[in-house]
Every structure is written in structure tokens, then in C-alpha cells.
Amino acid sequence: MSPSNLEEKFQTLHEIVRAARLNLAPGPWDYLAGGTETETTLRRNRLALDSLAFRPRVLRNVSKIDTTSSLFGRPVRIPVMIAPVGSVESFEPGGGATAAKASAEFNVPQMLSSVCNPGLEAVAAAADNFRIFQLYVRGDDAWVDGHVKRAKDNGYAAFCLTVDTAVYSRRERDLARRFVKPWRLRASGHEFQAALNWDHVKRFKDLHDIPLILKGIATAEDAALACEHGVEGVYVSNHGGRQLDHGRGTMDILPEVVAAVRGRATIIVDGSFMRGTDVVKAIALGAQAVGIGRLACCGLAAAGQAGLVRVFELLEEEIRICLGLLGVDRLGAANPSYIHAATPVRPAHVTSAFPLLEEEGY
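In our numbering, the protein residues as written are 3 to 364.
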């Protein structure tokens, strides 16, 4: 695979985040960085990751380390997926199409948001990548069926319903900036999302043969129900802290979901994953893939397609180093025995994974 050619400019992830902050106007940056109301859930996402330490083993042969993985039976270079983010075009003009090209170049999956331009068909035409389509329900059953057909016709490997947006939250950074996302200006039909229930999941599974993912699972009970309905993907997420305030961090949720799923579905998790060590923690505790949203958008805002590819390159290097120092030579060998509860060493916030940003005043 070809390098991104940004090795000298961006030698660390914090340099990419800094460049994104400098390139973005205040409105788009706060949309990217913010959460709902007190932003407690957002901070707990990071806190949950920081509350886990490693238990490394030594004198293991780690001369060759394999960072590859698979998702829904397809090989991926690292167990990282571009999470669905609305209005990605606010950070890079090409929006989802640019992300698709980076996805294809590095061989990681992209989950495209239904409220991201240039839309389902144009994104599929932009690159031959591993792509999944995520839908906010804004119409009746026939409307959903139409989107499923379009996704299948355009080579999307799986279909995702977001299930944690029955009520739209108050994202106070956006309100304070009077920053209105483009898709919000044309949004209608939210009553269909509010009415979404398990009967709709059953109907989907009865009618459609594409793998179904439910995004926004936050309890063992709902994870078990998803499996009982034959759902192929359980996506542990709290919308990056952008929906329910005072929720739990996703890494606090993950263990109970893994226990409830019992291998019956693929588990994806997101929520403030910013470093390779974060990815390894999730895989060790039972996830198959990690979604990155804010970090992916920072890569796009910093340098477009090449910036996002550079994010993946740096994550891959951090994952490789972490595995080697843990004493494991492949992701599949990481398990809960390598994880221990710990006291965080710094306050958690959206960019606290990059302490050098604070020293530089960002």
C-alpha cells in the first residue's frame, strides 16, 4: 500500500488534530468537538478508556506482529472503521466521497451516514471500498425498503439503523454558535425515527438479506434483544456523547454487551477512540472493530484524503507498538487478561488523549 506522503508533516496524531483545529472555522469545529448539554457523556467516553491500564507480558516472541483483522468476513488492514458522521462536507468539500477514497486506499471500512453528502450513489461511485450504509429513518416502511435496495444495488456490504436518536438532543455548542448543519435545514419526518421499535427490526430481518447493524446499543438487555431478532451487528455507541447527557462511557458498556451477545453477533464500538492503545483495549475486551468519527474528520480537515490515510497509518503504528509491548503478536491474542482497572491521570475531555495540544495552547 502506498504511503500518504505526509510522514514528515504529520509525525503524530496530535499534529493532525492541531491542523484540523486551525483549518476549521469555530462553527464546524464546535460541531465536531461538542456533545450534548453538559457534555458529561462525551467526557465519560474518554474517562472510560483512561480508566483501563495494561498488564503486559514479557519474553514472548513478537518479532512479527500482525495488526490485520476482519469484519463481517472481509479482511481489513486494522480493526478500525470510519464511523458515520453527518455533514462531513463541513470539514472537507468532498465529504463522504473523499472518506471513501481514503477507505479504499488503506483498506478499512467506511460506514456512510445518510445525512452526509454527496449521497449514497455518489459515494459508492467514488471508490471501490468496503462500505456500509447507515440510515436515520425519515419515512415509512416503503421508504426504508427503498434505501435498502439502493444500498444493495450500490455495493454496500451491510445496512445500519441508528437507534439512539428517537429525540434530537440539545447540542449547546452548536446552539451557542447558531451553527445549523446543512442536513438539519432540510430534515423532516423525524416522527418515523421516534416510532422505530423492535417490530421494525423483525420486519427488516424477515424481508431483507443484507446484514443488519443496530447502532446505539447501550445495555446488555438491548444487545440480547438484538441477537434474538437475528441482528448481525451490535454497535455500542452513545453517539459520541451527542444524544443522552449523563450516559455511561462506551468502554464501561462494552463488557456487559460482550457477555450478552455471547458470540452471536459482530460487536463494534465507538466513543472518543483516539489512539492505537484505545483500539487495542476495545479488541482485548471483545469488540471486533472500533469506529472513529471525530479523529477521522480531523484527518479530513487537516489534509483531505491524504490526511485521513495518515490517521490510519499512525493508528496502525500505535497498534503495532502496543501489541509488541503487551507481548502479543496479533490482535486475536489480546484478551481481558491484558487489561486492568486504573485511576486516570488527567481530566477527560474531547482532545485529552493529546496532552501536547494543551501544552501548545490548543
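Quick reminder that beta carbons are idealized off the backbone N, C-alpha and C, glycines included.
Item to check | Closest Cα partner of Ile285 within the set Ala127, Ile269, Ile215 and His351 | outcome: From the listed residues Ala127, Ile269, Ile215 and His351, the smallest Cα separation to Ile285 is found for Ile269.
Next on the checklist: Cutting at 7 Å between CB atoms, please list the residues of its own chain near Ala124, excluding the five before and the five after it.
Outcome noted: Excluding residues within five positions, the ones whose Cβ falls inside 7 Å are Ala99.
Checklist entry - Taking just the CA atoms, how far does Gly363 sit from Glu234? => result One alpha carbon belongs to Glu234, the other to Gly363, and they sit about 44 Å apart.
Item to check | Own chain residues within Cβ distance below 6 Å of Leu15, not counting five before or after | outcome: Closer than 6 Å at Cβ, skipping near neighbours: Leu316.
Checklist entry - Exposed or buried, what is His241 when buried is set at 16 or more other beta-carbons lying within 10 Å of its beta-carbon? => result With 16 or more neighbouring CB atoms inside 10 Å of its own CB, His241 falls in the buried class.
Item to check | Residue closest to Val150, alpha-carbon to alpha-carbon, out of Ala178, Asn199 and Ile212 | outcome: For Val150, the nearest C-alpha among the options comes from Ile212.
Item to check | Selected residue, minimal CA-CA separation from Ser53, among Ala336, Arg250 and Asp331 | outcome: Closest by alpha carbon: Arg250.
Next on the checklist: For Ala308 and Leu8, which I take to be in contact (beta-carbon distance under 8 Å), what is that distance rounded to the nearest angstrom?
Outcome noted: About 5 Å separates the CB atoms of Ala308 and Leu8; that is less than 8 Å, so the two are in contact.
Checklist entry - Contact check, Asn47 vs Ser274 under 8 Å by CB: the rounded distance? => result Beta-carbon to beta-carbon, Asn47 and Ser274 are separated by about 4 Å, close enough to satisfy the 8 Å threshold.
Checklist entry - What is the residue span of the alpha helix (DSSP H) that Met253 lies within? => result Note, Met253: alpha helix (DSSP H), Thr252 to Val263.
Next on the checklist: What would DSSP say about Asp68, mapped onto helix, strand or coil?
Outcome noted: Asp68: strand per DSSP, three-state reduction.
Checklist entry - Name the DSSP bridge partner or partners of Ile341? => result DSSP lists Phe56 as partners of Ile341.
Checklist entry - How would you call Gln13, buried or exposed, if buried means at least 16 neighbouring beta carbons within 10 angstroms? => result Exposed, by the Cβ-count rule.
Item to check | Three-state secondary structure assigned by DSSP to Val282 | outcome: In this structure, Val282 counts as helix in the three-state DSSP scheme.
Checklist entry - From Gln195 to Lys217, what distance separates their C-alpha atoms? => result If I take the Cα positions, the gap works out to 13 Å.
Checklist entry - Quick one: what's got a C-beta closer than 8 Å to Lys204's C-beta in the same chain, skipping five residues either side? => result The residues are His231.
Item to check | Local conformation of Ile212 per DSSP, three classes | outcome: In the three-state reduction of the DSSP assignment, Ile212 falls in the coil class.
Checklist entry - What separation, rounded to the nearest whole angstrom, lies between the Cα atoms of Leu198 and His192? => result So the alpha carbons of these two residues sit roughly 10 Å apart.
Next on the checklist: Taking the alpha carbon of Pro28 as the reference point, which residue from Ala178, Asp201, Thr252 and Glu223 has its own alpha carbon closest?
Outcome noted: It is Ala178.
Item to check | Span separating the alpha-carbon of Cys162 from that of Pro111 | outcome: Each residue's Cα considered, the two are about 13 Å apart.
Checklist entry - CA-CA distance, Cys300 and Gly157? => result Their backbone Cα atoms lie some 27 Å apart in a straight line.
Item to check | Whether Ala267 touches Cys324 by CB criterion (7 Å) | outcome: Taking 7 Å as the cut-off, the Cβ atoms of Ala267 and Cys324 do not count as close.
Item to check | Member of Leu328, Leu358, Val352 and Asn337 whose CA lies at the smallest distance from the CA of Ser65 | outcome: Per the Cα distances, Leu328.
Next on the checklist: I'd like to confirm the pairing. Which residues does DSSP put opposite Val78 in its beta bridges?
Outcome noted: Answer is Ser71.
Checklist entry - Quick one: is Asn337 buried, meaning 16 or more other Cβ sit within 10 Å of its Cβ, or exposed? => result Asn337 comes out exposed.
Next on the checklist: Cutting at 8 Å between CB atoms, please list the residues of its own chain near Thr167, excluding the five before and the five after it.
Outcome noted: Around Thr167: Tyr138, Gln195, Gly218, His241 and Gln245.
Checklist entry - Can you tell me the Cα-Cα spacing of Glu94 and Leu214, whole angstroms? => result Distance from the CA of Glu94 to the CA of Leu214, rounded to the nearest whole angstrom, comes to 29 Å.
Checklist entry - Is Leu358 helix, strand or coil by DSSP? => result DSSP places Leu358 in helix when its eight states are reduced to three.
Checklist entry - So, using beta-carbon positions, are Ala160 and Ile134 closer together than 7 Å? => result Taking 7 Å as the Cβ cut-off, Ala160 and Ile134 qualify as a contacting pair.
Checklist entry - Taking the runs of the beta strand (DSSP E) that are 3 residues or longer, which of them lie wholly in the region 286-320? => result Listed in chain order, the complete beta strand (DSSP E) runs (minimum 3 residues) inside the region 286-320 are 291-294.
Item to check | Inter-residue CB distance, Gly295 and Val87 (contact presumed, cutoff 8 Å) | outcome: Contact check for Gly295 and Val87: beta-carbon distance about 5 Å, within the 8 Å limit, so the pair qualifies.
Checklist entry - Roughly how many angstroms lie between the CA atoms of Leu302 and Pro77, to the nearest whole one? => result About 24 Å.
Checklist entry - Would Asp155 be called buried (16 or more neighbouring beta carbons within 10 Å of its own) or exposed? => result When all chains shown are included, Asp155 counts as exposed.
Next on the checklist: Can you check which of these residues, His342, Val165 and Trp200, is closest to Ala55 by C-alpha distance?
Outcome noted: Residue His342 is the option with its Cα nearest to Ala55.
Checklist entry - Does the beta-carbon distance from Ala298 to Ile18 come in below 7 Å? => result No, the pair does not count as a contact, with Cβ atoms beyond the cut-off.
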